[in-house]
Amino acid sequence: MEIIYLLIPISLILLAVIVWILLWAVRDGQYDDLEGPAHRILMDEDKIVDTQKKSRRGDAG
Amino acid sequence: MNYHEADSTGVGPALTDPGACYHCGLPVPAGFDLEVRIGGENRAMCCHGCQAVAEAIIDSGNENFYRVRTEAAPSARDLVPGFLQEARVYDLPEIQHQFVHALEGGLREASLILDGITCAACVWLNEQYIGALPGVVEVRVNYATQHALVRWDESRIRLSEILQAIRQIGYRALPYNPGQQQELHRRQRRQQQRRLAVAGLFGMQVMMLSISLYAGAWSGMERGFEQFFRWLSLGLTLPVLLYSAPPFFHAAWRDLQSLRVAMDLPVSLAIGIAFASSVVATVNGQGEVYFDSVVMFIFFLSASRYFESMARQRCAASIEKLVQSMPLTTTRVNNDGSIEEAIAAAALVIDDRVLIRPGETVPADGEILSGVSSVDESLLTGESLALARRPGERLLGGSINVTNPLQMRVTAVGADTVMAEIQRTIERAQADKPPLARRVDRVAAYFIGAVLLIVICVAGFWWLHDAGRWFEIALAVLIVSCPCALSLATPAAMSAALGKMQSAGLLVKQGSALEKMNQVTHVVFDKTGTLTHGKPTLERVYCNPGFSRDHCLRLAATLERHSEHPLARALLRATRASKSGHADHIVSTAGGGISATVDNRQYFIGSNEFIHARTGLAIPRQWQDSLVVDPLTAVVLAREDRILAMFSFADSVREDARALVESLREMNKSVILMTGDRNATARDMADRTGIGEYRAQMSPQDKMLAVQALQQQGACVLMVGDGVNDAPVLANADVSMAMGGASALARTSADIVLITNRLRAVVLAFDMSSRSRNIIRQNMVWALMYNFGAIPAAAMGLVAPWLAALGMSLSSLIVVLNALRLLR
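In order, the protein sequence lines correspond to chains A and B. Taking numbering that gives the first Met the number 0, the leading residue of the first sequence gets 0, the next gets one more, and so forth. Taking numbering that gives the first Met the number 0, the leading residue of the second sequence gets 0, the next gets one more, and so forth.
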């Protein structure tokens, strides 16, 4: 069971990394809008607009 | 396979009725047959504005919008043409430096405030549409705040073109400069999120270790591991305590200083006691630890406070638009009569002369020097009709000049304007923390007093009788009496109820309003804008013999095309603008009407008095009788020698008004209609909605007194209103609700805002209030039962500390789970 003295520090390091990632995400504003992305991911399935965008960009560039 | 193919029939019936405009859901005027092909079927449109918007959406390949939206789109009926002219101002460098950031590589970035977002599909549509514009690099719309962040390549597209594009799909956008208030909100929000994250993540680790400890206590555990786990838990709880819990400690300290007992004190006490005794147990190597309870408690409480403040910030965001409605530029008239274009509005000082053209927004408060015009003050006062303003009269900054150019002397700028005053009121209202139910506070105060007294007695008793056990037993009593469950009882239920109501379009600004709604006996409705849409629609056309209805309508439309008056717009909506002819020599008289020549004949259209003054003609007697109902809602069309026709208008009743009144009656509430309108209008409205009691011709003062009189008879009054005149009544009623389209002042004084404008939501509010009351009651009874049952047992030394800890966690968990039932 002495392995626990190794495993727990590892889990603590993981915890530190996760906390850091989460704090970064908050700072980055990823939690500012919790509702929009849920709808966006469903609606983005239709890619008509994206192809138009590319072709228009191609024309202009 | 597309996920939405299953319901490719498009929008659900709840969104738009068969007889309504497919785009905005407003009724289609009779005899109007505009159609747009959406989702393989021809859909009716109510006006050319909606048609154009729907076509723009379809043509850009964003048809999905109609499949996934959950609310009808904003109506495009009132879109003002020629917006591009107005938007050009935002391309000027001296204006841009206020809100546009220049980035590397010729890119620019600006924040836009979007008006007209009703559901998530609107957000998606805006992102798709703006993002597809050549030259736009990135666009992100925040659903909660309705702000958009746009990045574009200045060499390929201009800001005014982006604004115009948004206009084309039926939304309004204005650039804005995130003020200090918004920055503060953002920082607060993020700090709360960080606190929540820390409490949650560290809490999970502590929980994990606790489970091992509980299991170890059951099946036996090596002493070394047990101590190791305890120290580890201590270390992991510390960040939660130091980072996530301070708001409670600060609030409790403030309460102590002002000698008030609120819920923060028992909360802090519970956290403090549980943590301190756990530390003692860890250091001594004996006794029980409660780190799991501490972290769970902090996490749940932080979460409920976070949701509460989210609701308030969202409400703030919807009112923010008001502040942004002040124009950035204006036209100044110098003493020598020369005109300076595009002066920054912020640079105005008192006694400056300002020129305001039709369609422009008044940049500051002032007094009219010359010109007569109608002014739309709806944003400030909620008054939907434009009002006539003459020299010497006051103009409010933020109102819109509708008909004629005006010159104004500035009398107040910046913080002294009425607009700024309203803004301050709003900010004050937001800063007021919603008082947690007072009853709970009182209970908590007695409870703490009792607990402290009991602990002292128990400690004294055991010290005298069995000095070896006094600390252990006193500690068990303290732990067992920790009012975690009691403190969670109300906030947990409240946050669940508020969350549920918010998703149904009800923004609750005062948590206590929810509790009060249970006692409501009388529901008082305002008429205009509340039971009705607040916008006139053409009801009847009276024609003189010899003139056809179509001919009169066409003539009227030709003349009224040049007016921004609400009745004129209503008339245009009812006719086909394409049919209107060409008019010359147009002269519009504010508060009166319009005269113009069509096919070399002079025509007049306007109020009865205006026609009489211009032509000396009077309308036929039989028409006059129908005018008795309301003289303000009719327009007369005349030639120099003859009256041609009269158009009467009515404010259409909201579709769900009748159903609401019926449901309220089923709940045994008395429904009363109070209106400033005449008796006949009020009776008509009462008949149409099924309201039994109505009071007509009431001034705001009368309404207030009537509500107070009801209250003196023991009634508890819910007031539903919208106008600025309603603000005093709203403030006086026991519970108040404002419509989403209400004036800023009304929304500020109301406890609850109906964002979706659906009257049916009122029923949901009643439902939620009684359900949440039941849940809170159950929670309180349970928490008190647990506490008072466990204390005597602990005082007698019968409760082992580990049992006390388990009981504490379980009782809190039950309270939270019970509250979550509200979400179903």
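All C-beta atoms in this analysis are idealised placements derived from N, C-alpha and C, irrespective of residue type, glycine included.
- DSSP, reduced to helix, strand and coil, places residue 98 of chain B outside both helices and strands of the structure shown, so it counts as coil.
- Looking at B:412, B:386, B:339, the one whose alpha-carbon comes closest to that of residue 400 of chain B is B:386.
- A direct Cα-Cα distance of roughly 19 Å separates residue 699 of chain B from residue 685 of chain B.
- When the Cα atoms are used, residue 61 of chain B and residue 112 of chain B turn out to be separated by approximately 22 Å.
- Remark: fewer than three beta-carbon pairs, one from each stretch, lie closer than 8 Å, so the stretch 546–556 of chain B and the stretch 665–684 of chain B are not flagged as touching.
- Remark: three or more beta-carbon pairs, one from each stretch, lie closer than 8 Å, so the stretch 185–201 of chain B and the stretch 9–27 of chain A are flagged as touching.
- In the three-state DSSP reduction, residue 815 of chain B falls in the helix class (H, G or I).
- Short of 7 Å from the beta carbon of residue 492 of chain B, and not among the five residues preceding or following it, lie these beta carbons of its own chain, in chain order: 771, 774, 775, 778, 818, 821.
- Under the 8 Å criterion on CB atoms, residue 196 of chain B is classed as interfacial with respect to chain A.
- A straight line joining the alpha-carbon of residue 55 of chain B with that of residue 98 of chain B spans about 28 Å.
- The Cβ atoms of residue 402 of chain B and residue 372 of chain B sit closer than 8 Å to each other.
- If you draw a 10 Å sphere on the C-beta of residue 141 of chain B, you find 16 or more other C-beta atoms in it, and that means buried.
- The residue among B:230, B:295, B:336, B:305 with its C-alpha nearest the C-alpha of residue 279 of chain B is B:230.
- Residue contact check for residue 141 of chain B against chain A: a CB pair falls below 8 Å.
- Straight-line measurement puts the Cα of residue 125 of chain B at about 11 Å from the Cα of residue 115 of chain B.
- For residue 653 of chain B, the closest C-alpha among the options B:529, B:668, B:398, B:365 is that of B:529.
- Excluding residues up to 5 positions away in sequence, nothing lies with its Cβ nearer than 6 Å to the Cβ of residue 445 of chain B in the same chain.
- Remark: three or more beta-carbon pairs, one from each stretch, lie closer than 8 Å, so the stretch 346–365 of chain B and the stretch 402–417 of chain B are flagged as touching.
- In chain order, 461, 796 place their CB closer than 6 Å to the CB of residue 472 of chain B, counting only its own chain and leaving out the 5 sequence neighbours on each side.
- Taking a 10 Å sphere around the C-beta of residue 637 of chain B, we find 16 or more other C-beta atoms and assign the residue as buried.
- By the 16-neighbour rule on beta-carbons within 10 angstroms, residue 95 of chain B is buried.
- Taking C-beta atoms as the reference points, residue 416 of chain B and residue 349 of chain B fail to come closer than 8 Å.
- Of all residues in the stretch 15–26 of chain A, only 17, 18, 21, 22, 25, 26 place a beta-carbon less than 8 Å from a beta-carbon of chain B.
- In the DSSP annotation of this structure, the continuous segment of the beta strand (DSSP E) that includes residue 328 of chain B starts and ends at 328–332.
- When B:704, B:555, B:609 are compared, the shortest CA-CA separation from residue 581 of chain B is found for B:555.
- Interface residue (Cβ-Cβ distance to chain B less than 8 Å): residue 7 of chain A is classified as such.
- In this structure, residue 762 of chain B sits away from residue 669 of chain B, with a CB-CB distance that is not shorter than 8 Å.
- Taking 8 Å as the threshold, the shortest C-beta distance from residue 40 of chain A to chain B does not fall below it.
- When only Cα atoms are considered, residue 0 of chain A and residue 476 of chain B end up about 36 Å apart.
- Distance from residue 768 of chain B to residue 513 of chain B at the Cβ level is roughly 5 Å; contact confirmed, criterion being Cβ atoms closer than 8 Å.
- The beta-carbon distance between residue 172 of chain B and residue 147 of chain B, rounded to whole angstroms, is 7 Å. This is short enough to meet the 8 Å contact definition.
- Beta-bridge analysis with DSSP links residue 634 of chain B to B:646.
- In the DSSP assignment, residue 553 of chain B falls within the unbroken alpha helix (DSSP H) covering 548–559.
- Boundaries of the beta strand (DSSP E) around residue 540 of chain B: 531–542.
- In this structure, DSSP gives residue 697 of chain B a state outside helix and strand, which the three-state scheme calls coil.
- Within the stretch 227–308 of chain B, the complete alpha helix (DSSP H) segments at least 4 residues long are 245–256, 263–283, listed from N- to C-terminus.
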